[in-house]
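These notes are about the structure you will find just below.
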Amino acid sequence: MAMSAAVSNALGSFLKDRRGRLDPAAFGLPVSRRRTPGLRREEVAQRANISPTWYTWLEQGRGGAPSADVLNRIAGGLMLTEAERQHIFMLALGHAPDMRKTAFEGVSPRLQRLLDAFEVSPALIKTTTWDVVAWNRPAAAVLTDYAALPPAERNILRLIFCNPDIRAAQDNWDGMARFVVGAFRADAVRAGPQSDVSRLVDELCGKSAEFLTLWRDNDVLTHGEGTKRLRHPTLGRIELEYSSFAVDGRPDLGMIVYNPVTPKDADHIRTLMASRG
69 MAMSAAVSNA LGSFLKDRRG RLDPAAFGLP VSRRRTPGLR REEVAQRANI SPTWYTWLEQ
129 GRGGAPSADV LNRIAGGLML TEAERQHIFM LALGHAPDMR KTAFEGVSPR LQRLLDAFEV
189 SPALIKTTTW DVVAWNRPAA AVLTDYAALP PAERNILRLI FCNPDIRAAQ DNWDGMARFV
249 VGAFRADAVR AGPQSDVSRL VDELCGKSAE FLTLWRDNDV LTHGEGTKRL RHPTLGRIEL
309 EYSSFAVDGR PDLGMIVYNP VTPKDADHIR TLMASRG
């Protein structure tokens, strides 16, 4: 893949700037006889296990785009933050890097407060494998009481395909199920080759013939925006508009917010919330 001169120069300038910010003493390197701050090019190349000539060309805006593996090694050599690593991938390859598998540490208090700020709009945070890891009170009242479920069962796909109560609550289960599988496939590809995705797909294919059929159809959809219609046991039929959002700085997470379509639906949710205390 060839990079334009402007992009090559932007990448080279960024790498040079970050190299100049590193303290040689922090890496056990001599600090005397250095004409400029930071590490030398050959020192970064050695840390990244790449050719000094190749790294020099990158800083000078020469040559083609490096591979994802080389970019990851340069990111490690330069001690880049996750945001900086994503930046050099976008410059060099035009897309973000594959998501790294890390232990989930939960959502931040600020993100939970954002969910809780929605008075009558169910809102939740899901992972790349569609595990629900945070939600607000309207989500528990209208969608699913996730707190009553073991963590392993707080998975949107498992609930849709393996929970008869959740299935019965969908106004158009067939259409919704097809949409969900197509949207999940897109998320799974963006997440990169993760064993958790494969394990979940294998599990669902074994438990649900309908999931297996839909997965084999290879439909790819975007979650984006849409309308969800439910048959709620207390509220009856209710219609919600949903929008999905990326969580800045957390490529492993996504947020979905469901807004009641009519003032009447909003009032019903408000009354339901009050009755639950």
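Counting the sequence shown from 1 gives a position; this note's numbering is that position plus 68. We treat Cβ as the ideally placed atom computed from N, Cα and C, and that holds for glycine. As the structure is a computational prediction, the values presented were derived from the model and not from experiment.
1) May I have the straight-line CA-CA distance separating Arg253 from Leu272, to the nearest angstrom?
2) Exposed or buried, which one is Val257 when buried takes at least 16 other CB atoms within 10 Å?
3) Which of the three DSSP states is assigned to Met147 in this structure?
4) Tell me Asn327's beta-bridge partners as DSSP assigns them.
5) Look at Lys296 and Phe229 and say whether their C-beta atoms are less than 8 angstroms apart.
6) Following the continuous alpha helix (DSSP H) through Trp122, name the residue where it begins and the one where it ends.
7) For Ala207, which of Ile324, Asn77, Ala73 and Leu179 has the nearest alpha-carbon?
8) Taking the alpha carbon of Gly145 as the point to measure from, which residue in Ala94, Asp184, Lys332 and Arg344 has its own alpha carbon closest?
9) Is Leu83 closer than 8 angstroms to Leu139 when the C-beta atoms are compared?
10) Considering only the alpha carbon of each residue, which of Ala151, Gln114, Met158 and Trp241 lies closest to Ser135?
11) From this set, Ala113, Gln114, Gly88 and Arg115, which residue's C-alpha is nearest Arg102's C-alpha?
12) When you measure from the CB of Val269 to every non-hydrogen atom of the ligand GDP, does any distance come out below 7 angstroms?
Per the coordinate set shown:
1) Here residue 253 refers to the residue found at position 185 of the sequence shown. Here residue 272 refers to the residue found at position 204 of the sequence shown. C-alpha separation (whole angstroms): 13 angstroms.
2) To locate residue 257, count along the sequence shown from 1; it is residue 189. It counts as exposed.
3) The residue you call residue 147 lines up with position 79 of the sequence shown. Reduced to three states, the DSSP call for Met147 is coil.
4) By one-based count along the sequence shown, residue 327 stands at place 259. Paired residues: Glu309.
5) One-based indexing of the sequence shown puts residue 296 at position 228. One-based indexing of the sequence shown puts residue 229 at position 161. Against a cut-off of 8 angstroms, the Cβ pair of Phe229 and Lys296 comes out as no contact.
6) As a working mapping, residue 122 is identified with position 54 in the sequence shown. From DSSP, the alpha helix (DSSP H) with Trp122 extends over Pro120 to Glu127.
7) Position 139 of the sequence shown, counting from 1, holds the residue named residue 207. For Ala207, the nearest C-alpha among the options comes from Ile324.
8) Translated into positions along the sequence shown, residue 145 becomes position 77. With distances taken between Cα atoms, Gly145 lies closest to Ala94.
9) In the sequence shown, residue 139 corresponds to position 71, counting from 1. In the sequence shown, residue 83 corresponds to position 15, counting from 1. Not a contact, by the Cβ cut-off of 8 angstroms.
10) Start at 1 with the first residue of the sequence shown, and residue 135 comes out as number 67. Residue Met158 is the option with its Cα nearest to Ser135.
11) Here residue 102 refers to the residue found at position 34 when the sequence shown is read from its first residue. For the residues Ala113, Gln114, Gly88 and Arg115, the minimum Cα distance to Arg102 belongs to Gly88.
12) Only the bare structure without any ligand can be found here, which leaves the ligand GDP out of the picture.
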